[in-house]
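Novice: Residue numbers (full-length UniProt numbering): 1 to 268. Every residue gets a Cβ at the ideal spot worked out from N, C-alpha and C, and that includes glycine.
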Amino acid sequence: KEKKKFSVMGGRGSKQKQIEHPTKRALEVIDFEQKWEEETKEEKDRKAEELREKELEKERNRKPHGAGCVVSVLGGRTGVGRTLLCENTGKKNNRDYSTMNQDMGYFQDEEPDGPYWNKRRYTAELYDKDFSFLDVPALVFDNYSGMKHITRFSDAFIVLYSINDRSSFTDAENVANAVWVERKRLGLPDPIIMMAGNYIDTNDAKRRIMPMEGSGIANEFGCGWAEVSVKEGANMENMINQVADQIMAGVPFGVNVHVANIKPAKRR
1 KEKKKFSVMG GRGSKQKQIE HPTKRALEVI DFEQKWEEET KEEKDRKAEE
51 LREKELEKER NRKPHGAGCV VSVLGGRTGV GRTLLCENTG KKNNRDYSTM
101 NQDMGYFQDE EPDGPYWNKR RYTAELYDKD FSFLDVPALV FDNYSGMKHI
151 TRFSDAFIVL YSINDRSSFT DAENVANAVW VERKRLGLPD PIIMMAGNYI
201 DTNDAKRRIM PMEGSGIANE FGCGWAEVSV KEGANMENMI NQVADQIMAG
251 VPFGVNVHVA NIKPAKRR
């Protein structure tokens with residue numbers, strides 16, 4: 001039989017193809033391996049960075065030692081009774097940080113046991129457990145880093161407004177919304193929020209926020225609601241006990257706490 005001839009210049013099965021193909025294939029393999037190694041290294045670096053960030057975030061947002069159940073007391077502005085509520089509810093931590101700037105510390109230098117935490121923390125004992133009431137000024141909460149940390153490690157929130165100040169009510173609504181949005185963004189359970197109108201003993205002529213309006217906004221957010229006199233103590237214990245009940249049951253307002261067989265809170 002006549003032997004098959006190969007064309008040097010081309011065509012399927014040509015010598016040119018047979019000569020060039022192994023070299024080209026080898027180059028393709030080398031190129032693929034280099035890219036794979038680069039992608040693998042990038043992937044490893046990315047995963048390592050993600051792991052480091054998770055560990056750092058976990059450390060940043062852990063509760064300070066001995067914090068117990070944390071209730072952050074928030075208000076959209078000053079003068080709504082935030083500090084007085086904390087003082088009347090618990091005893092102030094006796095650590096002395098008076099020489100330090102109160103705007104520095106926990107939320108800005110991200111030290112879990114930093115001076116800010118201890119300077120504004122008030123403790124009480126409910127259900128034979130330690131509760132920490134954290135006085136959080138608007139200056140801290142308006143800073144996203146501070147708000148993020150507060151939202152993550154707090155077990156519950158009391159959001160105060162003045163019933164004779166329309167602006168404070170609007171601010172309280174914005175604060176409650178910010179807590180909800182951040183918790184949802186982080187994939188955390190629905191927050192336990194108590195919206196509280198202060199100055200129940202005020203003259204009705206000065207009232208700007210009616211009870212129906214306050215309770216209506218609270219219902220929209222799935223919050224608890226109360227009107228209190230922080231100064232006179234009216235309805236304060238009842239409100240604090242409601243918050244403690246929800247924390248111990250581990251459910252937000254709107255869920256029946258009795259399913260957890262929790263007895264009413266008693267302060268020791």
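Looking only at C-alpha atoms, which of ARG121, LEU51, ARG52, LYS54 sits nearest to LEU85?
Specialist: Your numbering for residue 85 matches position 85 in the sequence shown. Among ARG121, LEU51, ARG52, LYS54, the Cα nearest to that of LEU85 belongs to ARG121.
Novice: Taking contact to mean at least 3 C-beta pairs separated by less than 8 angstroms, is the region 126-140 in contact with the region 39-56?
Specialist: The region 126-140 is not in contact with the region 39-56.
Novice: What residue from LYS129, ALA156, GLY146, PRO137 has the CA that sits closest to PRO189's CA?
Specialist: Looking up residue 189 in the sequence shown gives position 189. Of the candidates LYS129, ALA156, GLY146, PRO137, the one whose C-alpha sits nearest the C-alpha of PRO189 is ALA156.
Novice: Is MET212 buried or exposed, if buried means 16 or more other CB atoms sit within 10 Å of its CB?
Specialist: For the purposes of this step, residue 212 is taken as the residue at position 212 of the sequence shown. Exposed, since its Cβ has fewer than 16 Cβ neighbours within 10 Å.
Novice: Check ALA234 in the structure and name its three-state DSSP category.
Specialist: Here residue 234 corresponds to residue number 234 of the sequence shown, with the count starting at 1. Coil, per DSSP.
Novice: State buried or exposed for LEU160, treating a residue as buried only when at least 16 other CB atoms are found within 10 Å of its CB.
Specialist: The sequence position of residue 160 within the sequence shown is 160, counting from 1. Classification of LEU160: buried, given that the 10 Å Cβ count is 16 or more.
Novice: Would you decide whether PHE253 is buried or exposed? Buried here means 16 or more other CB atoms lie within 10 Å of its CB.
Specialist: Within the sequence shown, the letter at position 253 stands for residue 253. Its Cβ being crowded by 16 or more others within 10 Å, PHE253 is buried.
Novice: ASN174: buried (16+ other C-beta within 10 angstroms of its C-beta) or exposed?
Specialist: Locating residue 174 in the sequence shown gives position 174, counting from the first residue. Answer is exposed; the Cβ neighbour count stays below 16.
Novice: How many Å lie between MET194 and GLU42 at the Cα?
Specialist: Looking up residue 194 in the sequence shown gives position 194. Looking up residue 42 in the sequence shown gives position 42. Computed Cα separation, rounded: 47 angstroms.
Novice: Can you give the beta carbon distance from GLU227 to ILE158, rounded, assuming they're within the 8 angstroms contact cut?
Specialist: Along the sequence shown, one-based indexing puts residue 227 at 227. Along the sequence shown, one-based indexing puts residue 158 at 158. 13 angstroms between Cβ atoms; not a contact.
Novice: Put GLY214 into one of helix, strand or coil per three-state DSSP.
Specialist: Here the question's residue 214 lines up with position 214 in the sequence shown. Correct three-state label for GLY214: helix.
Novice: For GLY216, collect the residues of the same chain with a Cβ closer than 7 angstroms to its Cβ; drop the 5 residues on either side in sequence, then sort them by chain order.
Specialist: Here residue 216 corresponds to residue number 216 of the sequence shown, with the count starting at 1. Contacts found: none.
Novice: Taking only the alpha-carbon atoms, compute the straight-line gap between PHE169 and THR40 and give it to the nearest angstrom.
Specialist: In the sequence shown, the residue the question calls residue 169 occupies position 169. In the sequence shown, the residue the question calls residue 40 occupies position 40. Distance between PHE169 and THR40, taken at the CA atoms: about 54 angstroms.
Novice: Who does CYS69 pair with in a DSSP beta bridge?
Specialist: Mapped onto the sequence shown, residue 69 falls at position 69. DSSP, once it has assigned bridges, lists PHE131 as partnering CYS69.
Novice: Rounded to the nearest angstrom, what separates SER229 and GLY197 at their Cα positions?
Specialist: The residue labelled residue 229 in the question sits at position 229 within the sequence shown. The residue labelled residue 197 in the question sits at position 197 within the sequence shown. Whole-angstrom Cα-Cα distance: 8 angstroms.
Novice: If you run the structure through DSSP and keep just helix, strand and coil, what is SER162?
Specialist: As a working note, residue 162 is residue 162 in the sequence shown. If DSSP states are grouped into helix, strand and coil, SER162 belongs with the strands.
Novice: So if DSSP puts GLU227 in a beta bridge, which residue, or which two residues, is it bridged to?
Specialist: Your numbering for residue 227 matches position 227 in the sequence shown. Answer is GLY197.
Novice: When burial is assigned at 16 or more other CB atoms within 10 Å of the CB, is GLN34 buried or exposed?
Specialist: Here the question's residue 34 lines up with position 34 in the sequence shown. Looking at its Cβ environment, which holds fewer than 16 other Cβ atoms inside 10 Å, GLN34 is exposed.
Novice: From LYS231 to GLU182, what distance separates their C-alpha atoms?
Specialist: Residue 231 sits at position 231 when you count from the first residue of the sequence shown. Residue 182 sits at position 182 when you count from the first residue of the sequence shown. The straight-line gap from Cα to Cα measures roughly 32 angstroms.
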